[in-house]
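Protein chains in written order, with the numbering used here: chain A, 1 to 266; chain B, 1 to 287; chain C, 1 to 361. Take a look at the structure set out below.
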């Protein structure tokens with residue numbers, strides 16, 4: 001019994017170390033963003049908001065932030081729409097070639113981003129769509145639609161299979177049923193999918209870097225600053241980016257989880 | 001047209017089925033196929049011309065630096081996978097068997113967050129932390145060690161890979177092991193299996209499929225990442241993604257980059273195929 | 001005479017190569033309470049779903065008020081269904097659930113509300129009108145589901161095992177609610193169930209289905225006293241079934257030899273042939289018991305295996321020395337005169353008229 005407790009303590013410490021490793025770069029980046037040293041180390045220098053002041057004064061950063069906002073919002077809308085359509089088709093229908101159909105949406109995240117970036121860059125150049133903000137939006141929709149699909153499909157799994165038939169039975173056409181039953185039922189998952197796809201899009205840098213041309217997003221700005229030298233501005237931008245994407249992910253999870261709790265209660 | 005229940009093809013059904021087919025064909029299948037085609041194109045005077053020549057393939061595959069880079073990438077991605085699997089296992093074991101349901105859910109909740117936050121900034125953070133005068137060396141100095149060179153080494157690359165893969169591997173391992181029938185584990189213990197034998201002979205075989213899938217994902221992520229080897233590994237030995245990057249960004253040699261990309265995809269397909277075959281193979285002696 | 005409300009005309013339904021129902025040939029009369037009963041997988045739910053338009057017949061025709069319904073979409077029919085799972089919309093309140101069908105039909109908001117509240121009131125759950133569905137009890141949800149269908153003021157209401165999720169005491173209450181409603185509204189109820197007690201307690205007519213086919217259609221009394229065949233006799237469960245060979249035949253009765261002895265049965269309309277096999281049933285509640293051997297008539301000597309009490313009724317399970325099982329059902333106070341224990345041996349007897357010969361199928 002004693003060795004068991006000792007083992008539990010050791011395992012507890014081990015798990016804590018793993019979490020420390022995972023969150024250390026996030027936390028250090030936040031600390032460094034308020035640190036006066038150009039090459040941060042221990043002991044820390046004095047507190048400063050210099051780096052924030054610097055990025056706030058930089059019109060490139062502002063432009064990139066605006067671009068990122070546009071890209072992630074549009075991506076979220078398109079990817080969630082595509083994800084919803086596919087999740088519903090998979091839920092409702094059986095048809096031939098359904099395996100390849102699902103592979104079509106689920107494969108992109110398993111291909112390394114650098115390869116997707118090259119392929120997208122070449123293709124967009126070929127069809128004359130390269131270097132635009134919408135190129136990034138399109139590419140990101142392909143990459144993030146599977147996340148939306150997965151979240152919404154899980155929600156549909158929890159739906160009473162009779163619910164849709166019940167609506168038809170009460171005089172609702174298929175379209176009315178979609179509007180008054182399926183979409184309301186999936187609302188929390190749709191919200192969750194919107195936030196999740198926005199978060200992925202907001203952080204993506206490889207594909208953005210390749211296809212965005214001069215319309216840089218925030219991660220691309222970071223990439224370019226990092227390529228130069230150590231510049232604590234990155235920590236300031238990074239902290240900002242972290243806070244936004246963490247907020248999005250947490251919101252996504254809250255919508256996802258609150259719904260699950262509800263279904264447990266009923 | 002009269003409505004027939006269960007009818008597969010009508011306006012309503014197609015409205016939901018077609019968007020993704022259209023979208024992915026134009027913006028996913030199109031790019032990938034075009035990349036394959038592009039690998040046979042020619043570059044003349046910095047301009048790409050459509051052709052069907054094997055010159056890019058023969059050039060790339062006959063170069064020593066390509067194969068050096070290829071094997072280096074395969075090996076370091078494999079090392080990364082083994083490291084991530086081993087480092088994650090005790091944590092996943094603890095979360096699956098020793099933690100309460102709610103602790104486990106919270107842990108997974110937390111581990112999902114970094115997966116969706118900027119990997120680039122996290123890598124840069126490591127760059128600062130691991131540098132000669134960084135936080136780690138400063139701490140080691142207080143106990144009289146170091147300074148150690150960690151950046152621009154394989155160690156640095158691996159730290160980056162772990163940052164990328166560890167949260168996902170811990171999640172996948174935890175979920176897999178948490179789904180094991182606990183009574184089987186208890187039965188093994190009651191029959192006198194030691195803790196380690198139980199892990200080796202009961203838990204690992206039972207969670208084999210999930211573990212292999214975690215390993216495949218880990219390999220794919222490491223294999224395709226250019227950030228860690230570039231910023232933390234110093235790219236002295238360029239990995240394949242860095243090769244793609246350099247070839248693309250310098251001199252419009254897209255067709256050669258495409259050759260590298262296709263070689264990477266083929267390798268990943270092979271790895272995934274072998275992995276999945278192993279994962280779903282029936283154990284020896286089973287009916 | 002005009003055509004009945006619903007006609008199933010040689011309907012068959014296949015799912016791939018699996019035949020769910022075949023040779024469905026029956027009618028549903030206006031204003032009747034019809035139960036469709038059978039074991040799970042017998043095709044009863046498929047039959048109901050075809051009536052609601054959720055499945056299309058593979059062969060044959062379904063007519064509603066003389067109109068062929070095969071290709072009419074479910075939402076264009078007026079056949080509301082009360083679902084086994086209730087299928088209430090979890091994101092709506094009780095009142096919004098009841099209003100749903102009216103909303104789909106384009107009824108304006110004020111009238112919707114008024115009608116929904118009227119029905120919630122009628123079902124005795126007006127106070128829960130604005131509550132979320134998930135906060136209601138099983139019985140309350142059941143009433144919302146009924147109100148949601150009845151607010152459409154249909155001519156025919158379909159019910160698919162609506163009481164199967166309720167506690168036993170609630171089932172009895174809801175049975176009374178349903179029969180009262182049906183009488184009061186005068187509309188047709190088609191009630192699918194696997195429960196004999198529900199079907200027999202409420203229905204005017206019962207259809208017994210087995211393996212996708214109709215085994216018997218009749219009043220509960222017909223089916224109980226005169227099962228058409230072995231399947232129905234066994235399914236009804238409160239029957240004693242004996243099989244043997246026809247030894248002698250007269251104008252209106254026959255003598256059947258079984259391992260347990262020779263018995264006289266009325267021939268009814270069943271055609272029997274001397275020397276051929278035959279089976280007959282006796283309802284468990286028509287069998288008498290006695291300690292002394294009855295002087296004449298049909299009788300069997302059995303050992304008591306066990307007793308089962310349900311309310312004031314008791315069912316005795318017995319077996320004779322040839323392994324033939326018997327069931328006897330009687331009032332508990334009748335039984336108390338005998339002071340029986342398991343293992344005791346007693347005589348069973350019944351009137352010849354109580355026996356019923358089965359059609360061999």
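Positions of the beta carbon are idealized from the N, C-alpha and C atoms, including for glycine.
Could you round the C-beta distance between residue i and residue j to whole angstroms and report it? I think they count as a contact, below 8 Å.
i, j, result
"residue 267 (chain B)", "residue 257 (chain B)", "Not really, about 16 Å apart at Cβ, beyond 8 Å."
"residue 87 (chain C)", "residue 144 (chain C)", "With 8 Å as the limit, residue 87 (chain C) and residue 144 (chain C) do not qualify as a contact, their Cβ atoms being about 11 Å apart."
"residue 20 (chain B)", "residue 104 (chain A)", "6 Å"
"residue 16 (chain B)", "residue 89 (chain A)", "5 Å"
"residue 214 (chain C)", "residue 24 (chain C)", "7 Å"
"residue 113 (chain B)", "residue 249 (chain A)", "5 Å"
"residue 139 (chain A)", "residue 120 (chain A)", "5 Å"
"residue 64 (chain A)", "residue 210 (chain A)", "In fact, because the Cβ distance is near 16 Å, the residues do not count as touching under 8 Å."
For the alpha helix (DSSP H) containing residue i, list its first residue and its last residue.
i, result
"residue 350 (chain C)", "Segment 345-350 is the beta strand (DSSP E) holding residue 350 (chain C); no alpha helix (DSSP H) there."
"residue 167 (chain B)", "154-178"
"residue 46 (chain C)", "44-52"
"residue 145 (chain B)", "It is not in any alpha helix (DSSP H) - residue 145 (chain B) carries neither H nor E in the DSSP assignment."
"residue 26 (chain B)", "Here residue 26 (chain B) belongs to no alpha helix (DSSP H), and DSSP marks it neither H nor E."
"residue 129 (chain B)", "119-130"
"residue 102 (chain B)", "101-115"
Could you work out which residues of chain C lie near residue i, taking near to mean beta carbons separated by less than 7 Å?
i, result
"residue 185 (chain A)", "91"
"residue 166 (chain A)", "83, 87"
"residue 181 (chain A)", "89"
"residue 160 (chain A)", "85, 87"
Report the three-state DSSP secondary structure of residue i (helix, strand or coil).
i, result
"residue 266 (chain A)", "Unreliable positioning characterises residue 266 (chain A) in this predicted model, as indicated by a pLDDT of 39, which lies under 50. The coordinate reading is nonetheless provided below. Coil, per DSSP."
"residue 41 (chain B)", "coil"
"residue 299 (chain C)", "strand"
"residue 142 (chain C)", "helix"
"residue 266 (chain C)", "strand"
"residue 239 (chain B)", "coil"
"residue 125 (chain C)", "coil"
"residue 278 (chain C)", "strand"
"residue 224 (chain B)", "helix"
"residue 325 (chain C)", "strand"
"residue 240 (chain A)", "helix"
"residue 60 (chain C)", "strand"
"residue 140 (chain A)", "helix"
"residue 267 (chain B)", "helix"
"residue 97 (chain C)", "helix"
"residue 230 (chain A)", "coil"
"residue 306 (chain C)", "strand"
"residue 183 (chain B)", "helix"
"residue 12 (chain C)", "strand"
So which residues on chain C does residue i lean against when the C-beta distance must stay under 8 Å?
i, result
"residue 176 (chain A)", "75, 104"
By the criterion of Cβ-Cβ separation under 8 Å, what are the contact partners of residue i in chain A?
i, result
"residue 80 (chain C)", "169, 170"
"residue 125 (chain B)", "24, 25, 26, 28, 29, 32, 235, 238"
Name the chain B residues whose beta carbon is nearer than 8 Å to that of residue i?
i, result
"residue 72 (chain A)", "Within 8 Å Cβ-Cβ: nothing; residue 72 (chain A) doesn't reach chain B, min ~12 Å."
With respect to the beta strand (DSSP E) encompassing residue i, which residues constitute its N-terminal and C-terminal limits?
i, result
"residue 248 (chain C)", "239-249"
"residue 60 (chain B)", "Residue 60 (chain B) -> not in any beta strand (DSSP E); alpha helix (DSSP H) instead, spanning 55-62."
"residue 35 (chain A)", "That residue, residue 35 (chain A), is in no beta strand (DSSP E); it is neither H nor E in DSSP."
"residue 255 (chain C)", "253-258"
"residue 29 (chain C)", "Counting along the chain, residue 29 (chain C) falls outside any beta strand (DSSP E), and DSSP gives it neither H nor E."
"residue 319 (chain C)", "313-320"
"residue 49 (chain B)", "47-49"
"residue 355 (chain C)", "355-357"
Below 9 Å on C-beta distance, what does residue i contact in chain A?
i, result
"residue 134 (chain B)", "39, 40, 41, 42"
"residue 187 (chain B)", "Correct list: empty, because the minimum Cβ distance to chain A is about 18 Å."
Identify the contact partners of residue i in chain A, using a Cβ-Cβ distance below 7 Å as the criterion.
i, result
"residue 101 (chain C)", "170, 171"
"residue 209 (chain C)", "The premise fails here: residue 209 (chain C) is roughly 21 Å from chain A at the closest Cβ pair, so nothing lies under 7 Å."
Using the beta-carbon of each residue, which ones in chain B are nearer than 7 Å to residue i?
i, result
"residue 86 (chain A)", "20"
Minimum length 4: unbroken alpha helix (DSSP H) runs contained in the segment 150-200 of chain C: Taking 4 residues as the shortest admissible run, the segment 150-200 of chain C contains the following complete alpha helix (DSSP H) segments, listed from N- to C-terminal end: 168-185.
query: Unbroken alpha helix (DSSP H) runs of length 4 or more, entirely within the segment 157-223 of chain A: which are they?
result: Counting only runs of 4 or more, we get 162-169, 174-177, 183-203, 206-211.
message: To test your reading of the DSSP string, which unbroken beta strand (DSSP E) runs of 3 or more residues are found completely within the segment 203-238 of chain C?
response: If we require 3 residues or more, the beta strand (DSSP E) runs fully inside the segment 203-238 of chain C come out as 205-210, 213-218.
- prompt: Going along the chain, which unbroken runs of the alpha helix (DSSP H) with 4 or more residues stay wholly within the segment 73-136 of chain A?
  reply: Restricted to the segment 73-136 of chain A, the alpha helix (DSSP H) segments that are unbroken, complete and at least 4 residues in length are 98-106, 113-126, listed in chain order.
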